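The structure appears right after this line, and notes come after that.
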Amino acid sequence: MLTAIVGINWGDEGKGRMVDLLSEGYDIICRYQGGNNAGHTVVNDKGKFILNLLPSGILRDGVTNVMGSGMVIDLEHLCGEIDKLNAKGVAVTPGNLKISEKAFICLPYHKQQDVLEEDRLGDLKYGSTKRGIAPVYGDKYMKKGLRMLDLLSQGTLEKKLEAILSWKNQTLKSYGAEEADRSVVLGWLREYGNKLLPFISDTTEFLNNSVDGGKKILFEAQLGALRDIDFGIYPYTTSSQTLAAYAPIGAGIPGRKINSVIGVMKAYSSCVGEGPFAVEMFGEEGEKLREAGAEYGAATGRPRRVGAFDVVASKYGVMMQGANEIALTKLDVLSYLDKIPVCTAYEIDGAQTDQFPSGDKLTKAKPALKYLDGFKTDISKCRRAEELPDAAVKYIRFIEEAVGCPIRYVSVGAERDEYLKL
9 MLTAIVGINW GDEGKGRMVD LLSEGYDIIC RYQGGNNAGH TVVNDKGKFI LNLLPSGILR
69 DGVTNVMGSG MVIDLEHLCG EIDKLNAKGV AVTPGNLKIS EKAFICLPYH KQQDVLEEDR
129 LGDLKYGSTK RGIAPVYGDK YMKKGLRMLD LLSQGTLEKK LEAILSWKNQ TLKSYGAEEA
189 DRSVVLGWLR EYGNKLLPFI SDTTEFLNNS VDGGKKILFE AQLGALRDID FGIYPYTTSS
249 QTLAAYAPIG AGIPGRKINS VIGVMKAYSS CVGEGPFAVE MFGEEGEKLR EAGAEYGAAT
309 GRPRRVGAFD VVASKYGVMM QGANEIALTK LDVLSYLDKI PVCTAYEIDG AQTDQFPSGD
369 KLTKAKPALK YLDGFKTDIS KCRRAEELPD AAVKYIRFIE EAVGCPIRYV SVGAERDEYL
429 KL
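This is the structure we're talking about:
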């Protein structure tokens, strides 16, 4: 059984929370793309955790976690993340964490370049987390980088780095920045890379053998469909493929096929970063929803933009992810509303559409809103569908029908057990 848990919208839908919940039924959890620009918040019996690079299954005893070949890994950040978990009593060992030898290394100069480019863009910036993600993926496809397996070959590492820096420093100089020093970067690689050597392995062999052995694998995505480099709101996207179809490729087992896709979306909309966001609420209305949902980026701390549930974007996200079922998160947040707004269509140049547009058309989109009755009560203690107020059930069923995918899980709080299954 191969299952993917993926985001339907702009990211920050609560995927880490769902991976933590469902990981009990799986043998292996695998992150297949992205880097430490992810921010997966998990609250369970062990405490509250914000995971950037590590798969959310790392918090579940008896589960093996894999960082796939499609990831980009900041060695220093990963070492710090592991140290924090160990300090909180969550053991991270080569027994429960395996890092693909083919995963790409995000180096300090990638972060430097990210900051320089966002500063250069000014008001036209993409809303980067400034953690080096775009530059490192760019270098990957320029074939100008290092992979985790290079750490295992110290004899050639220095020569490879020297060749790359002779090219990279031309870019840094073009910004008027200081060049990257070979000895400093090499020292960084050895300091943090040596700590991670026991975790590096041929995860393709491990995963293929696990599938053949009947193991159950859960693929964990970062961000959502609307941030996919090819099918998202380009250029305000991430620099990797966030879709479920990419999961076997990014994991390192491209010949395998996914059996099920669980799409995660919030009961309202939220978005970190720049780019078109047709349903955005402003002023007091937006601030109330932001505070009710504690909508601040887990990776950056930035206030998230918030708005009504977006049927148009969500229906597109469900289609692109190929979702079989939906996990709806943060329904409890809406309990303060007398009427719950839902965007059922966009108005573009005087015409109404329920199809998600691209490019300039998306920047012109205005939300056509419908209002549903609020449920005006605390639902955080509900554990069965029949315990929910009628208005909450009607809201769930309306969204389910609108996006064309069954809702199977509804979270009514941040804790692991604060959810119900429909």
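According to this note's numbering, numbering within the sequence shown proceeds without interruption in unit steps and concludes at 430.
Idealized CB from N, CA, C, for every residue including glycine.
Just so it is clear, the structure is predicted and the values come from calculations on it, not from any experiment.
Using the beta-carbon count (16 or more within 10 Å), is residue i buried or exposed?
{"i": "Val-411", "result": "buried"}
{"i": "Tyr-145", "result": "buried"}
{"i": "Glu-434", "result": "A question about residue 434 goes unanswered here, because the residues of the chain that appear run from 9 up to 430."}
{"i": "Thr-101", "result": "exposed"}
{"i": "Asn-217", "result": "exposed"}
{"i": "Trp-175", "result": "exposed"}
{"i": "Val-192", "result": "exposed"}
{"i": "Phe-227", "result": "buried"}
{"i": "Asn-94", "result": "exposed"}
{"i": "Ala-374", "result": "What sits at residue 374 in the sequence shown is Lys, not Ala. By the neighbour-count rule (16 or more Cβ atoms within 10 Å), Lys-374 is not buried but exposed."}
{"i": "Thr-164", "result": "exposed"}
{"i": "Thr-385", "result": "exposed"}
{"i": "Arg-392", "result": "exposed"}
{"i": "Tyr-278", "result": "Here residue 278 turns out to be Ser, not Tyr, going by the sequence shown. Buried is the call here."}
{"i": "Pro-143", "result": "buried"}
{"i": "Gly-103", "result": "exposed"}
{"i": "Asp-230", "result": "For clarity, residue 230 is Gln in the given sequence; the question names Asp instead. With 16 or more Cβ atoms within 10 Å of its Cβ, Gln-230 is classed as buried."}
{"i": "Asn-60", "result": "buried"}
{"i": "Gly-367", "result": "exposed"}
What does residue i pair with, by DSSP beta-bridge criteria?
{"i": "His-48", "result": "Leu-59"}
{"i": "Asp-381", "result": "Lys-347"}
{"i": "Pro-116", "result": "In DSSP, Pro-116 forms no bridge with anything."}
{"i": "Thr-250", "result": "Partner(s): none; Thr-250 has no beta bridge."}
{"i": "Lys-429", "result": "Tyr-417"}
{"i": "Ser-277", "result": "Gly-315"}
{"i": "Pro-375", "result": "Tyr-354"}
{"i": "Thr-11", "result": "Leu-226, Ser-268"}
{"i": "Glu-288", "result": "Gly-315"}
{"i": "Thr-72", "result": "Ile-36"}
{"i": "Val-80", "result": "Phe-112"}
{"i": "Ser-31", "result": "Note: Ser-31 sits in no beta bridge, so no partner."}
{"i": "Ile-208", "result": "Ile-107"}
{"i": "Gly-42", "result": "Met-79"}
Check this for me: beta carbons of residue i and residue j, under 8 Å apart or not?
{"i": "Gly-382", "j": "Lys-347", "result": "yes"}
{"i": "Ala-8", "j": "Ala-12", "result": "One cannot answer for residue 8 here, as it falls past the ends of the chain, which runs 9 to 430."}
{"i": "Asn-202", "j": "Arg-139", "result": "no"}
{"i": "Ile-37", "j": "Pro-63", "result": "yes"}
{"i": "Lys-338", "j": "Lys-429", "result": "no"}
{"i": "Ile-66", "j": "Val-272", "result": "no"}
{"i": "Gly-76", "j": "Gly-258", "result": "yes"}
{"i": "Ile-356", "j": "Lys-372", "result": "yes"}
{"i": "Ala-359", "j": "Val-269", "result": "no"}
{"i": "Glu-423", "j": "Val-71", "result": "no"}
{"i": "Ser-322", "j": "Gln-41", "result": "no"}
{"i": "Glu-109", "j": "Arg-155", "result": "yes"}
{"i": "Ala-185", "j": "Leu-124", "result": "yes"}
{"i": "Asp-318", "j": "Val-280", "result": "no"}
{"i": "Arg-235", "j": "Thr-250", "result": "yes"}
{"i": "Leu-115", "j": "Leu-159", "result": "no"}
{"i": "Asp-35", "j": "Ile-225", "result": "yes"}
{"i": "Phe-364", "j": "Tyr-403", "result": "no"}
{"i": "Arg-39", "j": "Met-79", "result": "yes"}
Enumerate in chain order the residues of its own chain whose CB-to-CB distance from residue i is below 6 Å, with the five nearest sequence positions on each side excluded.
{"i": "Tyr-200", "result": "Leu-83, Glu-84, Cys-87"}
{"i": "Tyr-473", "result": "With the chain running from 9 to 430 in the structure shown, residue 473 is simply not present."}
{"i": "Ser-209", "result": "Lys-106"}
{"i": "Glu-32", "result": "none"}
{"i": "Leu-336", "result": "Ala-275, Ile-415, Val-418"}
{"i": "Glu-303", "result": "Ser-278, Arg-312, Val-314"}
{"i": "Gly-19", "result": "Leu-231, Gly-232, Arg-235"}
Among residues of its own chain, excluding the 5 on either side of residue i, which ones have a beta-carbon nearer than 7 Å to its beta-carbon?
{"i": "Tyr-427", "result": "Leu-29, Tyr-417, Val-418, Ser-419, Val-420"}
{"i": "Leu-438", "result": "Since the first residue of the chain shown is 9 and the last is 430, residue 438 is not available in this structure."}
{"i": "Lys-119", "result": "Lys-138, Arg-139, Gly-140"}
{"i": "Val-326", "result": "Ile-16, Gly-271, Val-411, Gly-412, Cys-413"}
{"i": "Ile-237", "result": "Thr-245, Thr-246, Ser-247, Ser-248, Gln-249"}
{"i": "Arg-190", "result": "Leu-169, Glu-170, Leu-173"}
{"i": "Gly-22", "result": "Val-272, Lys-274, Thr-337, Lys-338, Ser-419"}
{"i": "Ile-241", "result": "Leu-234, Gly-283, Pro-284, Leu-370"}
Among residues of its own chain, excluding the 5 on either side of residue i, which ones have a beta-carbon nearer than 8 Å to its beta-carbon?
{"i": "Lys-54", "result": "Leu-67, Lys-96, Gly-97, Val-98"}
{"i": "Phe-214", "result": "Val-74, Lys-106"}
{"i": "Leu-377", "result": "Ala-316, Pro-349, Val-350, Cys-351, Thr-352"}
{"i": "Glu-408", "result": "Ile-334, Pro-414, Ile-415"}
How about residue i: is its Cβ closer than 7 Å to a heavy atom in the ligand FMN?
{"i": "Val-193", "result": "Absent from the structure shown: the ligand FMN. Ligands present: none."}
Completely contained alpha helix (DSSP H) runs for the region 303-371, where each covers 4 or more residues: Listed in chain order, the complete alpha helix (DSSP H) runs (minimum 4 residues) inside the region 303-371 are 319-329.
Alpha helix (DSSP H) runs contained entirely in the region 383-425, provided each spans 4 or more residues: Within the region 383-425, the complete alpha helix (DSSP H) runs of at least 4 residues are 398-411.
Within the region 211-247, ranges of the alpha helix (DSSP H) (whole runs, at least 4 residues): Unbroken alpha helix (DSSP H) runs of no fewer than 4 residues, entirely contained in the region 211-247, are found at 211-220, following chain order.
Ordered list of alpha helix (DSSP H) runs contained in the region 106-193, each at least 4 residues: Look at the region 106-193 and you find these whole runs of alpha helix (DSSP H), each 4 residues long or longer: 116-129, 141-150, 162-182.
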